[in-house]
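Positions in the sequence shown are counted from 1; adding 792 to them yields this note's numbering.
Where is the CB? At the ideal position from N, CA and C, for every residue including glycine.
Since the structure is predicted, the reported quantities are computational estimates derived from the model, not experimental observations.
Written below as C-alpha coordinates is the structure these notes are about.
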Amino acid sequence: RVVFHMPDWLHHFLSGARILLKRTLEAYVGHYFQFKLEQIMQEHRLVSLITLLR
793 RVVFHMPDWL
803 HHFLSGARIL
813 LKRTLEAYVG
823 HYFQFKLEQI
833 MQEHRLVSLI
843 TLLR
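Structure below.
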(Lines of atoms letter the chains of each structure in order from A and count residues from 1; the text may use other names and numbers.)
(Lines give C-alpha, C1' and ligand atoms only; values in the text may rest on other atoms or scores of the structure.)
Protein backbone atom coordinates (compact mmCIF):
# COMPACT_ATOMS: atom_id res chain seq x y z
CA ARG A 1 0.00 0.00 0.00
CA VAL A 2 2.77 2.44 0.90
CA VAL A 3 4.99 1.28 -1.96
CA PHE A 4 2.35 1.84 -4.65
CA HIS A 5 0.57 4.80 -2.96
CA MET A 6 -2.95 3.45 -3.44
CA PRO A 7 -6.11 4.30 -1.50
CA ASP A 8 -7.15 2.03 1.36
CA TRP A 9 -10.34 0.89 -0.37
CA LEU A 10 -8.39 -0.28 -3.43
CA HIS A 11 -5.91 -2.15 -1.25
CA HIS A 12 -8.76 -3.89 0.61
CA PHE A 13 -10.52 -4.74 -2.65
CA LEU A 14 -7.39 -6.23 -4.20
CA SER A 15 -6.58 -8.18 -1.04
CA GLY A 16 -10.09 -9.64 -0.97
CA ALA A 17 -9.93 -10.52 -4.66
CA ARG A 18 -6.58 -12.25 -4.11
CA ILE A 19 -7.98 -14.37 -1.27
CA LEU A 20 -11.08 -15.27 -3.29
CA LEU A 21 -9.03 -16.21 -6.36
CA LYS A 22 -6.61 -18.29 -4.29
CA ARG A 23 -9.40 -20.26 -2.60
CA THR A 24 -11.21 -20.80 -5.91
CA LEU A 25 -8.04 -22.02 -7.61
CA GLU A 26 -7.17 -24.35 -4.70
CA ALA A 27 -10.68 -25.85 -4.76
CA TYR A 28 -10.50 -26.37 -8.53
CA VAL A 29 -7.10 -28.04 -8.36
CA GLY A 30 -8.27 -30.27 -5.50
CA HIS A 31 -11.33 -31.42 -7.44
CA TYR A 32 -9.28 -31.92 -10.62
CA PHE A 33 -6.67 -34.09 -8.88
CA GLN A 34 -9.38 -36.12 -7.14
CA PHE A 35 -11.10 -36.70 -10.50
CA LYS A 36 -7.84 -37.78 -12.14
CA LEU A 37 -6.98 -40.13 -9.26
CA GLU A 38 -10.41 -41.76 -9.48
CA GLN A 39 -9.93 -42.16 -13.22
CA ILE A 40 -6.53 -43.80 -12.82
CA MET A 41 -7.64 -46.11 -10.03
CA GLN A 42 -10.42 -47.70 -12.05
CA GLU A 43 -9.55 -51.37 -12.35
CA HIS A 44 -9.46 -51.72 -16.12
CA ARG A 45 -7.29 -48.64 -16.48
CA LEU A 46 -4.97 -49.86 -13.75
CA VAL A 47 -4.54 -53.21 -15.50
CA SER A 48 -3.74 -51.51 -18.81
CA LEU A 49 -1.23 -49.19 -17.13
CA ILE A 50 0.51 -52.13 -15.48
CA THR A 51 0.60 -53.95 -18.82
CA LEU A 52 2.11 -50.90 -20.52
CA LEU A 53 4.78 -50.55 -17.84
CA ARG A 54 6.03 -54.14 -18.28
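Collapsed DSSP secondary structure at residue i in the structure displayed
i	result
residue 834	coil
residue 846	coil
residue 839	helix
residue 821	helix
residue 797	coil
Residue i vs residue j beta-carbon contact at 9 angstroms
i	j	result
residue 841	residue 832	yes
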